[in-house]
Amino acid sequence: MSRSIHFLNLLAILALAALPAAATPVTYGPGVSLNAQQQAIVDYMATTSGQGRPFMYVDPILTQVAQAAAESMGTEGYYAETTPQGYGANYLVAQAGYQLPAGWTDPVSNNYLESIDASYASASDTWNAWLNSPPHKVHVLGQSSFYASETSVGVGYANVPGSPYTYYWVVITAPPNLAPSLTISAPANGANVTVDQVTVTGTTGTTTPAASVRFRVVNAAGTGDFQTANGTANWNGAATLAPGPNTIEVQSLDGSGNLQLAASRTVYYIEQSTLTVTVAGNGTVTKGYLGTSTRNVGFKQTITATATDGSIFAGWSGSSTSASATISFLMTENAALTATFAPNPFLTRTGGYTSILTGTDAGLLSVTVGSTGAFTGKVVVDGVAHVIHGVLAVGGTATVSIARTKNTPLVVTLALDVTGTTGITGTVTDGANSSTFAAAAAYNKSAGKFAAAGTYTVSLPPDSTNTDPSLPQGNGYGLLTINTLGHASLTGALADGTPFSVAGTISQDNTFSVYTNLYTAKGSLSGTLTLEPTSVSDLDGTLHWSKPAIATSKANPEAIEEDLPTVASQYVRPAHGATVVQVSATSNNAQLNLGAGNLTQPVAQPATLETTNVIVLPTPSLPGLHASVNTLTGRFSGSFVHPVTKTVTAFHGVIYQKANAAYGYFLGASESGYTSFVAVE
Numbered sequence: 000m001s002r003s004i005h006f007l008n009l010l011a012i013l014a015l016a017a018l019p020a021a022a023t024p025v026t027y028g029p030g031v032s033l034n035a036q037q038q039a040i041v042d043y044m045a046t047t048s049g050q051g052r053p054f055m056y057v058d059p060i061l062t063q064v065a066q067a068a069a070e071s072m073g074t075e076g077y078y079a080e081t082t083p084q085g086y087g088a089n090y091l092v093a094q095a096g097y098q099l100p101a102g103w104t105d106p107v108s109n110n111y112l113e114s115i116d117a118s119y120a121s122a123s124d125t126w127n128a129w130l131n132s133p134p135h136k137v138h139v140l141g142q143s144s145f146y147a148s149e150t151s152v153g154v155g156y157a158n159v160p161g162s163p164y165t166y167y168w169v170v171i172t173a174p175p176n177l178a179p180s181l182t183i184s185a186p187a188n189g190a191n192v193t194v195d196q197v198t199v200t201g202t203t204g205t206t207t208p209a210a211s212v213r214f215r216v217v218n219a220a221g222t223g224d225f226q227t228a229n230g231t232a233n234w235n236g237a238a239t240l241a242p243g244p245n246t247i248e249v250q251s252l253d254g255s256g257n258l259q260l261a262a263s264r265t266v267y268y269i270e271q272s273t274l275t276v277t278v279a280g281n282g283t284v285t286k287g288y289l290g291t292s293t294r295n296v297g298f299k300q301t302i303t304a305t306a307t308d309g310s311i312f313a314g315w316s317g318s319s320t321s322a323s324a325t326i327s328f329l330m331t332e333n334a335a336l337t338a339t340f341a342p343n344p345f346l347t348r349t350g351g352y353t354s355i356l357t358g359t360d361a362g363l364l365s366v367t368v369g370s371t372g373a374f375t376g377k378v379v380v381d382g383v384a385h386v387i388h389g390v391l392a393v394g395g396t397a398t399v400s401i402a403r404t405k406n407t408p409l410v411v412t413l414a415l416d417v418t419g420t421t422g423i424t425g426t427v428t429d430g431a432n433s434s435t436f437a438a439a440a441a442y443n444k445s446a447g448k449f450a451a452a453g454t455y456t457v458s459l460p461p462d463s464t465n466t467d468p469s470l471p472q473g474n475g476y477g478l479l480t481i482n483t484l485g486h487a488s489l490t491g492a493l494a495d496g497t498p499f500s501v502a503g504t505i506s507q508d509n510t511f512s513v514y515t516n517l518y519t520a521k522g523s524l525s526g527t528l529t530l531e532p533t534s535v536s537d538l539d540g541t542l543h544w545s546k547p548a549i550a551t552s553k554a555n556p557e558a559i560e561e562d563l564p565t566v567a568s569q570y571v572r573p574a575h576g577a578t579v580v581q582v583s584a585t586s587n588n589a590q591l592n593l594g595a596g597n598l599t600q601p602v603a604q605p606a607t608l609e610t611t612n613v614i615v616l617p618t619p620s621l622p623g624l625h626a627s628v629n630t631l632t633g634r635f636s637g638s639f640v641h642p643v644t645k646t647v648t649a650f651h652g653v654i655y656q657k658a659n660a661a662y663g664y665f666l667g668a669s670e671s672g673y674t675s676f677v678a679v680e
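With the first letter of the sequence shown counted as 1, position 540 gets the number 539 in numbering that gives the first Met the number 0; the numbers rise by one all the way through.
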């Protein structure tokens, strides 16, 4: 087999040095642990006559690289001083963190450091083979000035059965490591100690020792000040500990006080004390913690409180405090904690709560409260919906902060009435503007079928007190459907033709919170409607209509801020042969009215509502004028040729049975007009 070594210049080999009178001194670096075969090669290098090295230092990095090289040849099935990837010993040593002279790793196949052998089972046979090979002998015995200066040594040995040569041997030598080193020798990392002071020892680089070494302790008491250690190449100092984990941080400094290297390790000072955990109310804590137990001071403890028998956790008190059911803390001497439980006020207040926002900004708040006080929901402000969630305190309060991009945070405060029936009240603020809300609980199906379930026709007439001619004069309309569970849906259109749709649940006080974004979230329709039957309306309330100026709007392009006095009539489909509104059994028993909407004058058209619910208009006063009712849905509609625009113009509305009439709107050239169909005597 070939046994060769690459070196800078074989012609530079000097004459053999005189034989030493005694063995070459050998020292071992921190952490070096050799097996018998490795140690035998080191012994041969130190005791064989002719060793040119004045001393040898068994380096941990070189030993690690040599051992890895021996194992690699066996497991990867090759025998060469260059790996299958093309790397020589110089490159492998440098990659392991050993600092070599400049240029030694260019190219990466360079080998100024390594001798290898294979197939020999014993260290003596391997050593003799090297001595019988002149290039290897010069290397392992340092018989040139170049190799004599490589006083740091590492040895590797591997036994790999089934591989081509079974036994593999490697010797690596190198000049002293030029990189600084810093090691902590004691105490051991992760050690448990029972005293409050330990001696910290370690070393710095043998060729470039630090000018000084300093250390400090980081523990539950905080970060301590740095202390200067005794010595440098071998250093020590006394570290004072606190109960629990203690991290000892060590730094080596050069002569200018600059940081060279840093190292650390953690030890645990074990000091025990009593922890007393008591329970007030109906509940339990994590197994093993109730009562008095012995715990390690300074160590993290985690305890979870669990409510039982209709109770809810109300907080931890004592040595540590927390509103969370799970508490984590560092154990202190003679610690004491109390887990307090209170009767659960949320068991009878679960469900949904919805309210519009009243104040600076239009919006909506909707939350659902669970049986433990946990809540989820949303708040809508400036047309944007934000998710909110959290847990109400035992008293029913909570504060939620909502981060917003490019805007200040929204802060929502909630207060659930846990003793009365007022529901949830609170505020929403961005720091500059504030709104309030008052949300009653949603109708609960446990109360039985919702008594006012049905279909309602809704009319949204203009505010009669607002005489601004730029405002729409027509009536918006809607259909409100409420099922037996109290779920409500309101769909319709405003007097400028803008459709809207809102869904929700009627509250226990018979209110329905209406909020919907309009005009790409730049406007809205909002308000509270209350089911409150009277002779003229089945609900009471006002909806606020907010519309920005829209130049492209067909009708009323100006901005609108108007309160619409909203009314509704429960709609009942007429029986066969009955009319949708009550009229006399004569001709001309009704009148169709049209006005505003760019008409030059109002139209009062006589009409007859027949028993088949067909509307007959004798001698229409406008071209193409006709009207109809839909007895299934309660809608009212028709069209005419507008005398100004000369276009077919549709009108829409709903039947309002409490007034024996129908109301709606149409869109003229630039204005919204009104329409109505009323019974006459």
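Glycine included, C-beta positions come from ideal geometry on N, C-alpha and C.
From residue 457 to residue 566, what distance separates their C-alpha atoms?
If you take the alpha carbons of residue 457 and residue 566, they lie about 6 Å apart.
In terms of alpha-carbon separation, which member of 661, 668, 673 and 670 lies closest to residue 679?
Comparing Cα positions, the closest option is 661.
Which whole-angstrom value describes the C-beta separation of residue 344 and residue 417, a residue pair presumed to lie in contact below a C-beta threshold of 8 Å?
About 4 Å separates the Cβ atoms of residue 344 and residue 417, confirming a contact at the 8 Å cut-off.
Could you check which residue in 481, 664, 609 and 676 has the C-alpha nearest to that of residue 603?
The residue with the shortest Cα to Cα distance from residue 603 is 676.
Closest by C-alpha distance to residue 277, when choosing among 268, 314 and 351:
Nearest option by C-alpha distance: 314.
So if DSSP puts residue 562 in a beta bridge, which residue, or which two residues, is it bridged to?
Per DSSP, 543.
Identify every run of the beta strand (DSSP E) within the segment 555 to 626, keeping only runs that are complete inside it and at least 3 residues long; order them along the chain.
Those beta strand (DSSP E) runs which fall completely within the segment 555 to 626 and span 3+ residues are 559 to 569, 589 to 595 and 602 to 608.
Span of the alpha helix (DSSP H) around residue 73:
Per DSSP, the continuous alpha helix (DSSP H) segment holding residue 73 begins and ends at 59 to 75.
In three-state terms, what does DSSP make of residue 505?
In the three-state reduction of the DSSP assignment, residue 505 falls in the coil class, being assigned neither a helical nor a strand state.
Applying the criterion that 16 or more other CB atoms from any shown protein chain within 10 Å of the CB defines a buried residue, is residue 237 buried or exposed?
Classification of residue 237: exposed, given that the 10 Å Cβ count is below 16.
Does residue 94 pass the burial test, meaning 16 or more other C-beta atoms within 10 Å, or should it be called exposed?
Counting of Cβ neighbours within 10 angstroms places residue 94 among the exposed residues, the total staying below 16.
Endpoints, the beta strand (DSSP E) within which residue 364 is located
Residues 362 to 368.
Reduced DSSP category for residue 695 - H, G, I as helix; E, B as strand; rest coil
The structure shown has nothing for residue 695, since the chain only spans 0 to 680.
Decide yes or no for the touch test of the segment 650 to 668 against the segment 451 to 469: beta carbon pairs closer than 8 Å, at least 3 of them.
Yes, since at least three Cβ pairs between the segment 650 to 668 and the segment 451 to 469 fall closer than 8 Å, the two stretches touch.
What are the residues that DSSP puts in a beta bridge with residue 183?
DSSP lists 201 as partners of residue 183.
Are the beta-carbon atoms belonging to residue 282 and residue 251 less than 7 Å from one another?
Result no, Cβ atoms of residue 282 and residue 251 do not sit closer than 7 Å.
Under 7 Å between the Cβ atoms of residue 495 and residue 555?
Yes; because the gap between Cβ atoms is below 7 Å, this pair is in contact.
Do we get a CB-CB distance below 7 Å when we pair residue 451 with the residues of chain B?
This model lacks chain B altogether; it includes just one protein chain.
For residue 197, which residues in the same chain have their Cβ closer than 7 Å to its Cβ, ignoring the five residues on either side in sequence?
For residue 197, same chain residues with a beta-carbon under 7 Å away, outside a window of 5 residues either side, are 186, 238, 240 and 266 in chain order.
What is the DSSP secondary structure of residue 668, counted as helix, strand or coil?
When DSSP states are grouped into helix, strand and coil, residue 668 belongs to the coil group.
Taking C-beta to C-beta, are residue 90 and residue 83 nearer than 7 Å?
No, the Cβ-Cβ distance between residue 90 and residue 83 is not below 7 Å.
Buried or exposed: residue 645, going by 16 or more other Cβ atoms within 10 Å of its Cβ?
Result: exposed.
With C-beta atoms as the reference, is residue 272 less than 7 Å away from residue 296?
Taking 7 Å as the Cβ cut-off, residue 272 and residue 296 qualify as a contacting pair.
Mark residue 472 as exposed unless 16 or more other C-beta atoms lie within 10 angstroms of its C-beta, in which case mark it buried.
Residue 472 comes out buried.
Taking only runs that begin and end inside the segment 74 to 112, name each unbroken alpha helix (DSSP H) of 4 or more residues, in chain order.
Taken in chain order, the complete alpha helix (DSSP H) segments of 4 or more residues contained in the segment 74 to 112 are 88 to 94.
If we count the other Cβ atoms within 10 Å of its Cβ and call it buried at 16 or more, is residue 378 buried or exposed?
Buried, because 16 or more other Cβ atoms sit within 10 Å of the Cβ of residue 378.
Between the alpha carbons of residue 225 and residue 413, how many angstroms are there, rounded?
The alpha-carbon atoms of residue 225 and residue 413 are separated by roughly 50 Å.
Under 7 Å between C-beta atoms of residue 487 and residue 505
In this structure, residue 487 places its C-beta atom within 7 Å of the C-beta atom of residue 505.
Residue 459 lies in the beta strand (DSSP E); which residues open and close that run?
Membership of residue 459 in the beta strand (DSSP E) is indicated by the continuous run 453 to 459.
Let me check understanding here. Comparing Cα to Cα, which of 312, 308, 336 and 322 lies closest to residue 300?
For the residues 312, 308, 336 and 322, the minimum Cα distance to residue 300 belongs to 336.
Would you mind stating whether residue 169 and residue 139 have Cβ atoms separated by less than 7 Å?
Not a contact, by the Cβ cut-off of 7 Å.
State the beta-bridge partners of residue 406 as determined by DSSP.
Beta-bridge pairing by DSSP links residue 406 to 403.
Measure the C-alpha to C-alpha separation of residue 242 and residue 408 and round it to an integer number of angstroms.
Straight through space, the alpha carbons of residue 408 and residue 242 are spaced by roughly 42 Å.
Alpha carbon to alpha carbon, how far is residue 395 from residue 324? Give it in angstroms, no decimals.
Distance between the alpha carbons of residue 324 and residue 395: 16 Å.
Considering only the alpha carbon of each residue, which of 511, 658, 201 and 347 lies closest to residue 182?
Out of 511, 658, 201 and 347, 201 has the C-alpha closest to the C-alpha of residue 182.
So the candidates are 570, 146, 363 and 591; which of them puts its Cα closest to the Cα of residue 428?
The residue among 570, 146, 363 and 591 with its C-alpha nearest the C-alpha of residue 428 is 363.
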